[in-house]
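Report on the following structure.
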Amino acid sequence: MDEEFQEQFAKMEMDGSVHDRSVNDLRKALEVQRANLDMISQTNPGVVEQYERRKNEIEALTKILEDREKDTRRVEREIKNARDRWQPALEQLVASIGKKFSAAFDRIGCAGEIRISPHDDYDKWAIDILVKFRDNEKLQLLTGQRQSGGERSLTTILYLMSLTEEARTPFSLVDEINQGMDQRAERAVHNSLVEVTCKPDSAQYFLITPKLLPDLDYHERMKVLCVNNGEWLPETPGLGHMNRMIENFVQLNRDRVSRDRSFRAG
Numbered sequence: 133m134d135e136e137f138q139e140q141f142a143k144m145e146m147d148g149s150v151h152d153r154s155v156n157d158l159r160k161a162l163e164v165q166r167a168n169l170d171m172i173s174q175t176n177p178g179v180v181e182q183y184e185r186r187k188n189e190i191e192a193l194t195k196i197l198e199d200r201e202k203d204t205r206r207v208e209r210e211i212k213n214a215r216d217r218w219q220p221a222l223e224q225l226v227a228s229i230g231k232k233f234s235a236a237f238d239r240i241g242c243a244g245e246i247r248i249s250p251h252d253d254y255d256k257w258a259i260d261i262l263v264k265f266r267d268n269e270k271l272q273l274l275t276g277q278r279q280s281g282g283e284r285s286l287t288t289i290l291y292l293m294s295l296t297e298e299a300r301t302p303f304s305l306v307d308e309i310n311q312g313m314d315q316r317a318e319r320a321v322h323n324s325l326v327e328v329t330c331k332p333d334s335a336q337y338f339l340i341t342p343k344l345l346p347d348l349d350y351h352e353r354m355k356v357l358c359v360n361n362g363e364w365l366p367e368t369p370g371l372g373h374m375n376r377m378i379e380n381f382v383q384l385n386r387d388r389v390s391r392d393r394s395f396r397a398g
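For the sequence shown, the numbering used here gives the first residue as 133, with consecutive numbering after it.
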């Protein structure tokens, strides 16, 4: 026997365990082990090969998984670093616009607020606009179903005006934004629009509308263009000239005032 079995047998002799089983018991145990060995030898010879192949596949997939997890952590760090750079600037910009937006709503006796709506998917980030037009209401998200058309138009123009001071565009244009508003809201919006867009550093602003209320606020930096168009216009050249009509109207008013003064003086 080799040294290992010799040492094990010597140990069994010393502790007396060698006499625990008889020769017949040892022979039976030997037969059992031989039977087990025969069963192992009769196993499909491809099992070991299959085991080795699967072991190699598992190791390869484990390596791929580790590499992808490493790449994922790297990309997450890059996303976090990028987000840490632009998100504070975005929050500051939205807060600045929101301050002007809320102040504009306060001037007309309503309440408004804007918030950033973040999402795990960056394509789904949004700006939520919340408004309140009545005292018994809470701030509600602006939607196409909850508010009326006039309320949506009012909110839109106030939001655009809040953007005007932050925007870097050469001009802005809105078309018939005052349609559907009541007179109080339309007057408040127009006056706010004049205040915001007539500042020296403001960009050019165009408002297209089929009608305006009387006695609105105007500014020297404003220009009003009245467009006359339609089949009903006279075909005679010079007839219906708007500037000439205005000049005649002003002159008639001056003449009337002069006559009234002369009459009172006489």
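Yeah, the Cβ is synthetic: ideal placement off N, Cα and C, and Gly gets one too. Here the structure is a predicted model, which means the values were calculated and not measured.
Same chain, Cβ closer than 7 angstroms to residue i, neighbours up to 5 away in sequence not counted
i, result
"Arg239", "Ala320 and Ser324"
"Glu223", "Ile248"
CB contact flag (residue i, residue j, <7 angstroms)
i, j, result
"Thr301", "Val328", "no"
"Leu264", "Ala243", "A small fix is needed here, since residue 264 is Lys in this sequence, not Leu. Closer than 7 angstroms, so yes."
"Ser304", "Tyr337", "yes"
"Asn310", "Thr287", "no"
"Leu274", "Ile259", "no"
"Glu245", "Ser228", "no"
"Leu339", "Val389", "no"
Limits of the beta strand (DSSP E) - the one that residue i falls within
i, result
"Ser249", "Ala243 to Ser249"
"Val263", "Ala258 to Lys264"
"Gln279", "First-last for Gln279: undefined, no H or E at that position."
"Gln339", "One detail in the question is off: residue 339 reads as Leu in this sequence, not Gln. That run of the beta strand (DSSP E) goes Gln336 to Ile340."
C-alpha gap between residue i and residue j, whole angstroms
i, j, result
"Ala192", "Val207", "23 angstroms"
"Lys187", "Lys212", "37 angstroms"
"Leu365", "His373", "10 angstroms"
"Gln277", "Glu201", "45 angstroms"
"Lys343", "Val356", "12 angstroms"
Alpha helix (DSSP H) segment containing residue i, residue limits
i, result
"Ile196", "Gly178 to Arg239"
"Phe303", "That residue, Phe303, is in no alpha helix (DSSP H); its beta strand (DSSP E) goes Phe303 to Asp307."
"Ile317", "Checking the sequence, you will find Ala at residue 317 rather than Ile. Per DSSP, Ala317 belongs to the alpha helix (DSSP H) from Gln315 to Thr329."
"Glu269", "Segment: none, Glu269 is in no alpha helix (DSSP H) and carries neither H nor E."
"Lys143", "Glu135 to Asp147"
CB-CB length for residue i against residue j, believed under 8 angstroms
i, j, result
"Gly312", "Ser285", "5 angstroms"
"Glu298", "Leu225", "7 angstroms"
"Met354", "Val326", "7 angstroms"
Same chain only: Cβ atoms within 6 angstroms of residue i, ignoring 5 sequence neighbours per side
i, result
"His322", "Leu348"
"Ser249", "Ala258 and Asp260"
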